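The sequence shown stops at residue 92 when you use UniProt numbering, and every number in between is there. For reference, the structure discussed in these notes is given below.
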Amino acid sequence: MIDCLVGATYQQKLLIVLLCHVAKLIQKDKQLDFEITSEDQKGGIFDDIGVRFKTGDRWRQLFIQAKHKAEKTKAITWDDLTSTDKRDSVCD
């Protein structure tokens with residue numbers, strides 16, 4: 001349970017980093033249109049962070065699945081990242 005809370009905090013930190021980056025972009029381009037979401041169902045299994053932004057006349061989307069392990073001795077594997085089985089969660 002503690003690992004899951006650490007993972008949620010990690011996700012929030014990533015959101016803050018993205019928001020700070022977008023804030024810098026807004027300073028350069030006051031017309032920047034964007035949205036940042038969390039737990040966005042449109043992202044499917046990549047639902048942790050959603051970023052939607054407009055370039056020219058077109059909206060683009062980026063979805064991120066944030067993974068974190070508190071235990072440093074166990075690396076996150078490709079199988080961890082591609083598993084669709086909720087029981088195989090890296091948050092154990």
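Note that CB positions come from ideal geometry on N, CA and C, so glycine has one too. Since we're looking at a predicted model, the values are computed, not measured.
query, result
"Taking the beta strand (DSSP E) that lysine 54 belongs to, which residues open and close that run?", "49-55"
"Taking all protein chains shown into account, do 16 or more other C-beta atoms lie within 10 angstroms of the C-beta of aspartate 48, making it buried, or fewer, making it exposed?", "buried"
"Is the Cβ-Cβ distance between residue 96 and phenylalanine 34 less than 8 Å?", "As displayed, the chain neither begins before 1 nor continues past 92, which places residue 96 out of reach and without an answer."
"Along the chain, where does the beta strand (DSSP E) that runs through leucine 62 open and close?", "58-64"
"To the nearest angstrom, how far is the alpha carbon of phenylalanine 29 from that of glycine 7?", "Residue identity check: residue 29 is aspartate in the sequence provided, not phenylalanine. Aspartate 29 and glycine 7: Cα-Cα distance of roughly 33 Å."
"So, using beta-carbon positions, are isoleucine 45 and glutamine 65 closer together than 8 Å?", "yes"
"Terminal residues of the continuous beta strand (DSSP E) containing glutamate 39?", "Looking at the DSSP string, glutamate 39 is not in any beta strand (DSSP E), and its letter there is neither H nor E."
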